[in-house]
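What follows is one structure encoded as structure tokens, with my remarks underneath.
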Amino acid sequence: MSLHKAFEKGKFVVTSEIGPPKGTDTDDIRRLVDLYRGAVDAINATDNQSAVMRMSSLAVCKIILERGAEPILQMTCRDRNRIGLQSDLLGAHALGIRNVVVMTGDHVLAGDHRQAKPVYDVESVQLLNIINSLNNGADMAGNALKGNTCFFAGAVVTPEANPLEPQLMKFAKKIQAGAKYFQTQAIYDITMFKVFMGHARRHQAKVLAGIVVLKNERMAKYLNDNVAGIRVPQDLIAELAAAPNREEKQKAGIRIAARHIRRLREERICDGVHIMAIGMEGSVPAIMQQAGLLE
Amino acid sequence: MIITKKRDTKAVLENIRNYRRIFLVGCGECAALCATGGRPQLEQMKELLHAHGKEVTGMHLAKTGCQVLGTKRELSPHKEAIAAADCILALSCGAGAQTVVELNEDKPVCSANDSMYLGNMTRHQVFDERCSMCGECILDKTAGICPVTACPKGILIGPCGGVADGKCEVSPDLPCVWIRIYERMKKLDQLDEFSASVPSPKDWSRGARPHNGNAKEPKNSR
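The following block contains the structure:
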């Protein structure tokens, strides 16, 4: 079932993601698609995440598709100008890719090619406008296309941004520009998230809460200190710290993720979740099982 | 003003390694204010070159190094000293250095500085960058603060997801320009404009290089 259909049917949607490999070995991609297929509704292929050079998300989306799963093409504005972005969008559509999620993209200074020229010819709201235009049969310069696209466009948002108001304004602009769904930055505080959802519910767009699976308390502290817009509360850090060993800590991380997902679904707080199990991809089915999402 | 930075001494000496007799040109405008090409820097460079076995045939502090005709006039009394030099070393920005190139077709010119950006001087020899000279000013839509320049991504609709407690993902010392714009718009009671506007992507053709222009009014317009 397409991602669009899954939302339309009112399903509690689950998406996850695959970080493309650094190199040409695609075994891990196939293994992960096999693991996720049937469990999640769609799989993101991330776009040179953290500005670290990897295989293109477009190629990985094609592999996901061939393997029988629903891909979401992640597209940042960091590495391509408006010509490159539109050209890749047309190519993605020709290859059967229908979901795109756009974002500005981490600065090159965060990555492994710090001397690269950052592009940012357009940014996320403008890229959504471009996709809208391609869907309507014209490129952004107004030239007619022979065959238009029919992308289902989404974007990202940081529910715990500080200050929140400008983030909410940009969120509204993204919806205006055609974003139909959002994958959020990782959330760990459901009460805070509900505040954000109070604002988000004034709009039609679907919201998938970001779930990053915690491996241990060290990872939680790292996220708090280093990643913009993520705040792991102290009680969760304590819960991880209380587990005696590596395995038990991972189990605690899985338990926390499952508990949050179950609550988000049962209380109908949002429309689904986007699970990012960085380095713990194998745990996704277990998380979904514990959350009551799998039979 | 154009902000310049002295190049590493080693790099300067490496670039002029094949030349023994050097003529120095500084600039009395920006480079003087940046302490990269004023009178004291010319004197320091002269000493440095002497210490490395070079001969300085002469030096000149141009009034405005990027002003070609004026610099040409100023340099004419130095004709002999320049003729005696194997190379001219420019202690200015790249524009000033290329004035010297234009005026000395048969003489190698090396640059002692790196040209960095168009900057505002906030205190003595302290600078920051506020304008990118992009060719299409949007200050009227951004509460007078330029995101093309002050955002490392140059994004026109902000803030991006990298902002943490009002600071930029690129550096915790850098306030997010879009939060600054937001705060100023709030103060100026312009937030409605902030939420309504989606600026179209920039027209980079207006910044296409190289630029040239003529500020004279056409005669027939009078």
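Listed in order, the protein sequences are those of chains S and G.
Take any residue in the first sequence, note its place counting from 1, add 1017, and you have its number in the numbering used here.
Take any residue in the second sequence, note its place counting from 1, add 1264, and you have its number in the numbering used here.
Just so you know, even glycine gets a beta-carbon here, dropped at the ideal spot from N, CA and C.
Report buried or exposed for aspartate 1272 of chain G, applying the criterion of at least 16 other Cβ atoms within 10 angstroms of its Cβ.
exposed
Test item: CB-CB of methionine 1348 of chain G and threonine 1321 of chain G under 8 Å:
Correcting the residue identity first, residue 1348 of chain G is alanine in this sequence and not methionine. Going by C-beta atoms, alanine 1348 of chain G is nearer than 8 Å to threonine 1321 of chain G.
Tell me whether serine 1469 of chain G is buried or exposed, calling it buried when 16 or more other Cβ atoms sit within 10 Å of its Cβ.
exposed
Is the beta carbon of glycine 1289 of chain S less than 8 Å from the beta carbon of phenylalanine 1029 of chain S?
yes
Return no unless some Cβ of chain G is closer than 8 Å to the Cβ of valine 1142 of chain S.
yes
How would you call arginine 1284 of chain S, buried or exposed, if buried means at least 16 neighbouring beta carbons within 10 angstroms?
According to the sequence shown, residue 1284 of chain S is glutamate rather than arginine. That one is exposed.
Could you compute how far the alpha carbon of cysteine 1424 of chain G sits from the alpha carbon of leucine 1240 of chain S?
18 Å
Name the residue from S:Thr1121, S:Gln1202, S:Gly1085 and S:Gly1113 whose alpha carbon lies nearest to the alpha carbon of leucine 1102 of chain S.
S:Thr1121
Ignore the nearest five residues each way along the sequence and tell me which others in tyrosine 1205 of chain S's own chain have a CB closer than 7 Å to its CB.
Arg1248, Val1249, Pro1250 and Leu1253
Using a C-beta to C-beta distance shorter than 7 Å, which residues of chain G count as neighbours of tyrosine 1137 of chain S?
Lys1417, Gly1418 and Ile1419
Euclidean distance between Cα positions of isoleucine 1080 of chain S and valine 1434 of chain G:
33 Å
Taking 8 Å as the cut-off, does the stretch 1338-1346 of chain G touch the stretch 1265-1279 of chain G (at least 3 CB pairs, one atom from each stretch)?
no
Closer than 9 Å by beta-carbon distance: list the chain G residues that pair up with alanine 1178 of chain S, in chain order.
Pro1423, Gly1425, Val1427 and Ala1428
Starting from the beta carbon of tyrosine 1381 of chain G, find every residue of chain S whose beta carbon is closer than 7 Å, and list them in chain order.
Per Cβ cutoff of 7 Å: no residues; tyrosine 1381 of chain G is ~16 Å from chain S at best.
is_contact[glutamate 1393 of chain G, chain S] using C-beta, thresh 8 Å:
no
Given this structure, state the Cα-to-Cα distance separating methionine 1018 of chain S from aspartate 1437 of chain G, to the nearest angstrom.
47 Å
Let me see if you follow: with CB-CB separation under 8 Å, is histidine 1220 of chain S close to chain G or not?
no
Boundaries (first-last residue) of the alpha helix (DSSP H) holding alanine 1158 of chain S:
Premise fails: alanine 1158 of chain S is in no alpha helix (DSSP H) and is neither H nor E.
So which residues on chain G does histidine 1216 of chain S lean against when the C-beta distance must stay under 9 Å?
Per Cβ cutoff of 9 Å: no residues; histidine 1216 of chain S is ~13 Å from chain G at best.
By DSSP, does phenylalanine 1029 of chain S sit in helix, in strand, or in coil?
coil
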